[in-house]
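Chain order of the listed sequences is X and S.
So the first sequence is numbered by the working numbering: it starts at 1 and just counts up by one.
So the second sequence is numbered by the working numbering: it starts at 125 and just counts up by one.
We put the beta carbon where it would ideally sit given N, CA and C, even for glycine.
Read the structure below first, then the notes.
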Amino acid sequence: MFEAAASMSSDRLLSVAYYTRIALEHCFTPEDLRKYPLLAGTSGEPSPEEQEIACQWLEEIQNQEGKSIDRLDYGTVARYISEVVGLSQRRWESERTYDPQEGQRLLEELRRAVPLPWELRKAG
Amino acid sequence: MPDPLVLYSANTLLAYRINERYYHQNHFAWCAPFFSVSGDSIDIPMPPSSTPCDICRKYLDDIQRQDRHSSSIHNNREGLRSGMAAKREAGVITPEQHQEIERIVSEASVGDFRPLLYIIPFNSVRDLIQPVPPHQKAHPFSPEYKIEDLPRSRFDVLDWQWR
């Protein structure tokens with residue numbers, strides 16, 4: 001499934017995977033997504049082509065499961081969300097070219113720059 | 125249905141920090157007018173992933189188990205990456221900052237995904253919210269809102285601990 005992922009750039013794969021995930025979380029069928037683009041109007045709106053690929057991935061899921069997305073149980077939806085997001089994650093990791101220590105340094109900087117606000121209240 | 129008094133949004137400490145430092149203290153938030161919905165006690169169906177309480181619990185469970193393969197954390201990383209791409213395209217961050225954030229997100233540990241709960245007075249964000257129309261939802265009576273640029277000054281943050 002999702003063979004189209006192999007020939008996409010990592011940026012496009014990220015966009016399609018994220019959009020597909022949002023659609024799955026809302027139990028959208030491909031028809032729903034074509035009719036009501038979920039992220040329309042946002043600054044991060046996927047291109048029309050990316051939106052169509054996401055619709056095709058939803059169709060692949062429906063074909064695989066033999067039922068409409070909105071009839072799938074939540075466990076099945078969660079499994080596909082994990083699969084789609086994993087595609088993007090693995091691509092990012094395989095194309096990573098920087099030194100992980102540099103990432104750690106930046107992360108430490110961010111933690112120091114934005115500590116937990118002292119006014120945060122404990123809840124629960 | 126009348127307007128809610130407050131909106132709730134579950135987020136992570138990492139997202140909070142990135143938004144504070146790189147996005148000029150503007151935060152992205154999916155919101156719900158309920159913190160928690162019990163299917164038995166309230167007759168309003170909501171998908172589990174849309175309930176801030178469920179989201180916070182899931183993050184906390186995964187952090188306690190130090191689950192490096194947590195789907196919630198996985199999804200949050202992807203959401204942050206999608207957000208940073210949009211911010212770069214919108215000119216909010218430079219390509220260099222985009223790279224920095226990517227490295228931060230890649231290297232973040234499980235503990236960086238500690239859940240934070242945003243409490244957002246509805247009246248203070250009335251002009252910013254984008255309601256998701258009923259026909260777009262899995263459940264027609266499941267209210268959801270999206271705020272793309274939520275200023276830090278318009279919400280309170282709770283450090284969510286489940287005991």
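Among the options, the one whose alpha carbon lies nearest that of residue i
i      : options                        : result
S160/S : D236/S, F279/S, L131/S, N247/S : L131/S
N199/S : L274/S, R278/S, T136/S         : T136/S
Q89/X  : T218/S, A210/S, K211/S, L204/S : L204/S
V234/S : D191/S, Y147/S, V281/S         : D191/S
F2/X   : T97/X, R111/X, S82/X, A113/X   : S82/X
S248/S : R145/S, R212/S, R276/S         : R276/S
L241/S : R181/S, A209/S, Q149/S         : R181/S
E50/X  : I61/X, Q64/X, R34/X            : R34/X
F237/S : L129/S, Q221/S, W284/S, H148/S : W284/S
Y74/X  : V114/X, D99/X, E31/X, L24/X    : L24/X
L274/S : E144/S, D127/S, R212/S, L129/S : E144/S
S15/X  : C27/X, V84/X, P30/X, P115/X    : V84/X
I243/S : E226/S, F279/S, R212/S         : F279/S
K128/X : P30/X, E109/X, A17/X           : There is simply no residue 128/X to check, as chain X begins at 1 and stops at 124 in what is shown.
Y17/X  : S206/S, Q221/S, E213/S, I253/S : Here residue 17/X is Ala; the residue named in the question, Tyr, does not match the sequence. Cα-wise, what sits closest to A17/X is S206/S.
Beta-carbon proximity list for residue i, same chain, < 6 Å, skipping 5 on both sides
i      : result
Y19/X  : P46, A54
S194/S : D186
V77/X  : L24
R112/X : none
P245/S : V130
Residues near residue i by beta carbon distance below 7 Å, same chain, minus five either side
i      : result
R201/S : V229
G215/S : none
I61/X  : I69, Y80
A5/X   : L13, L87
R189/S : none
W154/S : S133, E268, K270
P37/X  : Q51
R91/X  : S10, L13
D99/X  : none
Chain S residues whose Cβ lies nearer than 8 Å to that of residue i
i      : result
R21/X  : N199, E202
S82/X  : S195, H198
L110/X : R141, I142, R145, I228
Contact set between residue i and chain X, taken where Cβ atoms lie within less than 8 Å
i      : result
A232/S : L107
A209/S : D11, L14, S15, G44
S206/S : L14, S15, Y18, G44
Interface partners of residue i on chain S, CB under 7 Å
i      : result
V114/X : R141, E144, R145
A17/X  : E202
S88/X  : E202
Cβ shell of residue i (< 8 Å), same chain only, five flanking positions each side left out
i      : result
E144/X : No statement about residue 144/X is possible, as the shown extent of chain X runs from 1 to 124 and does not include it.
Y140/S : H151, L240, V281
R192/X : Residue 192/X is absent from the model: chain X starts at 1 and stops at 124.
F28/X  : Y36, L38, L58, I69, D70
Coarse secondary structure for residue i, derived from DSSP in three states
i      : result
E272/S : strand
V216/S : coil
L240/S : strand
R278/S : helix
T76/X  : helix
Q104/X : helix
H151/S : strand
P245/S : strand
L129/S : coil
D251/S : coil
Q285/S : coil
A232/S : coil
N143/S : helix
T175/S : coil
T29/X  : coil
T97/X  : coil
Contacts of residue i in chain X (Cβ-Cβ under 7 Å)
i      : result
R224/S : According to the sequence displayed, residue 224/S carries Glu and not Arg. Within chain X, the residues near E224/S are L106.
Chain-ordered chain S contacts of residue i [CB-CB under 9 Å]
i     : result
S47/X : In chain order: nothing, as chain S lies at least about 11 Å away.
Members of the region 95-106 of chain X that neighbour chain S once the beta carbon cut-off is set at 8 Å
R96, Y98, P100, E102, G103, Q104, L106
Along the region 130-142 of chain S, where does the CB come closer than 9 Å to a CB of chain X? Name the residues.
L137, L138, Y140, R141, I142
If the cut-off is 7 Å on Cβ atoms, which residues from the region 244-256 of chain S count as contacting chain X, listed in chain order?
none
Members of the region 177-195 of chain S that neighbour chain X once the beta carbon cut-off is set at 7 Å:
S195
Determine which residues of the region 52-78 of chain X have a Cβ less than 8 Å from any Cβ of chain S, and write them out in chain order.
D70, Y74, A78
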